[in-house]
Amino acid sequence: MSTLNNRQFLLARRPTGAASRDDFTFQTVPLAEIAPGQVQVKNEYLSLDPAMRGWMNEGKSYIAPVGLGEVMRALGVGRIIESQHPSFAVGDYVQGVLGVQDYFVGDPKGLHKVDPTLLPLPVYLAALGMTGMSAYFALLEVGQPKPGDTVVISGAAGAVGSVAGQIAKIKGCRVIGIAGGQEKCKTLVEAFGFDGAIDYKNEDLHAALKRECPKGVDLFFDNVGGDVLDAVLTRLAFKARVVICGAISQYNNKEAVKGPANYLSLLVNRARMEGFVVMDHAEHFGKAGREMAGWLAQGKLKSKEHVVEGLETFPETLQMLFNGENHGKLVLKV
Ligand code: NAP
164 MSTLNNRQFL LARRPTGAAS RDDFTFQTVP LAEIAPGQVQ VKNEYLSLDP AMRGWMNEGK
224 SYIAPVGLGE VMRALGVGRI IESQHPSFAV GDYVQGVLGV QDYFVGDPKG LHKVDPTLLP
284 LPVYLAALGM TGMSAYFALL EVGQPKPGDT VVISGAAGAV GSVAGQIAKI KGCRVIGIAG
344 GQEKCKTLVE AFGFDGAIDY KNEDLHAALK RECPKGVDLF FDNVGGDVLD AVLTRLAFKA
404 RVVICGAISQ YNNKEAVKGP ANYLSLLVNR ARMEGFVVMD HAEHFGKAGR EMAGWLAQGK
464 LKSKEHVVEG LETFPETLQM LFNGENHGKL VLKV
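End of the sequence shown sits at 497 in the numbering used here; the numbers just go up one at a time, nothing left out.
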């Protein structure tokens with residue numbers, strides 16, 4: 164019998180609006196025994212994602228909701244502390260769905276080994292994690308950027324946006340980021356090499372888009388939805404591509420999602436708007452990861468993580484994503 168305890172956040176009820184601590188049960192239980200074919204993982208870092216809010220809702224989506232009373236779903240990286248599986252040894256580091264808890268015990272199907280001697284562990288949740296894969300495939304497969312294209316990215320200083328913008332630069336595009344606040348806008352240009360930035364909280368978005376995109380927008384990578392999507396739709400260039408990667412402005416809505424009133428711009432400009440789900444590209448993650456690791460090593464790509472300490476802070480730390488308090492990939496150190 165294990166002497167270790169496991170702290171866990173269980174989903175207690177489905178939130179209305181923003182998720183809060185009252186929507187979870189925070190419990191401490193003895194660590195479950197390992198069974199044949201299973202592994203025990205000490206979780207080191209958990210990925211905090213806007214999508215977590217969607218996973219708390221009832222109803223059909225691209226993935227089943229987290230059940231009431233279940234451990235809240237989270238991607239993470241951790242270290243194997245016991246193994247009864249031939250492919251995993253004690254001391255291996257793995258990435259996968261580990262849950263908002265101190266330890267994961269179960270079938271390692273879907274866990275992948277990572278090497279902490281090559282890169283710090285949080286990078287495997289950022290540029291080399293699902294975040295980086297989302298930026299890579301949404302931009303390159305759905306967005307189809309061409310050299311010289313004007314690419315606009317919303318949520319640009321965040322995890323996916325900052326990586327997507329840097330990849331667009333690698334591909335020879337002119338990249339404009341939309342982010343909240345002067346500090347984030349400065350980071351986009353000075354640290355990530357964007358060609359321009361728009362502070363949507365303090366500037367008139369329409370006027371700023373006109374200034375930064377005089378020839379229109381060839382590719383819009385949208386993480387935000389709502390008013391930002393509607394504004395960019397008015398600036399589309401002929402044959403533009405609009406990639407719907409996310410719509411964080413709508414995730415905490417108590418009313419219906421706000422749709423794009425300006426969608427007829429798609430008709431006028433013979434443009435295309437397409438949704439994206441990262442898991443559709445899982446088969447090609449290995450190849451993309453190797454290319455991204457190469458760009459990181461060459462200094463062409465920067466991975467920025469925002470690490471907050473303490474599993475116990477989970478509900479409040481998750482909220483940082485919706486308040487714009489994160490600078491880069493939000494990661495919880497367990
Ligand atoms: P993130 O951008 O690191 O963090 C969220 C950012 O969104 C905040 O920092 C904030 O930045 C901005 N934001 C929050 N509320 C906003 C609002 N009401 N209006 C405008 N901006 C707002 O998060 P991420 O993990 O990289 O995710 C970005 C998007 O990608 C999300 O929509 C997520 O759901 C999506 N995503 C989709 C997939 C997929 O497979 N489709 C996979 C991964 C992620 P500011 O300070 O600039 O406001």
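Cβ coordinates follow ideal geometry from the N, Cα and C atoms, glycine included.
Identify whether T191 lies in helix, strand or coil by the three-state DSSP scheme.
T191: strand per DSSP, three-state reduction.
Looking only at its chain, what residues have a beta carbon closer than 6 Å to the beta carbon of V326, apart from the 5 residues adjacent to it on each side?
Cβ within range, chain order: A290, G295, A298.
On the three-pair Cβ rule with 8 Å, is the segment 347–366 touching the segment 269–284?
No, because fewer than three Cβ pairs between the segment 347–366 and the segment 269–284 fall closer than 8 Å, the two stretches do not touch.
For the ligand NAP, I want to know if K349 counts as a neighbour, meaning its beta carbon is within less than 8 Å of at least one of the ligand's heavy atoms.
Checking the Cβ of K349 against the ligand NAP gives no.
For the ligand NAP, is there any heavy atom lying closer than 8 Å to the beta carbon of D312?
No, Cβ of D312 sits at least 8 Å from all heavy atoms of the ligand NAP.
Just grab the DSSP bridge partners of Q258 for me.
Its beta-bridge partners are V240, H275.
Given this structure, state the Cα-to-Cα distance separating E422 from F383, to the nearest angstrom.
In the sequence under discussion, the amino acid at residue 422 is Gly, which differs from the Glu named in the question. Whole-angstrom Cα-Cα distance: 16 Å.
Between P478 and N432, what straight-line distance do the alpha-carbon atoms span, to the nearest angstrom?
Each residue's alpha carbon lies about 43 Å from the other.
If distances are taken between C-alpha atoms only, which option among G318, T476, G306 comes closest to D390?
When each option's Cα is compared against that of D390, the closest is G318.
Hey, quick one: how far does the beta strand (DSSP E) through D358 stretch, first residue to last?
Where D358 is concerned, there is no enclosing beta strand (DSSP E), given that its DSSP letter is neither H nor E.
Does the beta-carbon distance from Q171 to V257 come in below 9 Å?
No, Cβ-Cβ distance for Q171 and V257 is not below 9 Å.
Should K492 be labelled buried (16 or more other beta-carbon atoms within 10 Å of its own) or exposed?
The residue in question, K492, is buried, as its Cβ has 16 or more Cβ neighbours within 10 Å.
Have a look at Q307 and R404 and give me their C-alpha separation to the nearest angstrom.
Between Q307 and R404, the C-alpha separation is close to 8 Å.
Residues bridged to R177 by DSSP?
None; R177 has no bridge partner.
Confirm the yes/no value for this check: CB of T294, any heavy atom of the ligand NAP, distance under 8 Å.
It does: the Cβ of T294 is within 8 Å (strictly closer) of some heavy atom of the ligand NAP.
Tell me the rounded alpha-carbon separation between Y500 and P228.
Residue 500 is absent from the model: the chain starts at 164 and stops at 497.
By a C-beta neighbour count over all protein chains shown, 10 Å radius and 16 as the cutoff for buried, is A419 buried or exposed?
When all chains shown are included, A419 counts as exposed.
Rank I244, G259, V494, L261 by C-alpha distance to the C-alpha of V253 and give the top, closest one.
Of the candidates I244, G259, V494, L261, the one whose C-alpha sits nearest the C-alpha of V253 is I244.
Quick one: give me the first and last residue of the beta strand (DSSP E) that D393 is part of.
Premise fails: D393 lies in the alpha helix (DSSP H), 389–396, not in any beta strand (DSSP E).
What are the boundary residues of the alpha helix (DSSP H) that G457 is part of?
448–460 is the span of the alpha helix (DSSP H), which, as asked, contains G457.
When the distance is taken between beta carbons, is L392 closer than 9 Å to V380?
Contact: no.
How many angstroms separate the CA atom of P193 from the CA atom of G359?
Roughly 52 Å separates the two Cα atoms.
Look at the alpha carbon of K378 and the alpha carbon of G324, and state the distance between them as a whole number of angstroms.
Using only the alpha carbons, I get a separation of about 22 Å.
Assuming Q345 contacts D362 (C-beta within less than 8 Å), just tell me the rounded distance between them.
With 8 Å as the limit, Q345 and D362 qualify as a contact, their Cβ atoms being about 6 Å apart.
CA-CA distance, R435 and V395?
Taking the straight line from one Cα to the other gives about 13 Å.
Can you tell me whether Q247 is helix, strand or coil according to DSSP?
Reduced to three states, the DSSP call for Q247 is coil.
Could you pull the DSSP bridge partners for L209 from this structure?
BP columns for L209 point to G239, L495.
Please state whether the Cβ-Cβ distance between F357 and V338 is less than 9 Å.
In this structure, V338 lies closer than 9 Å to F357 by Cβ.
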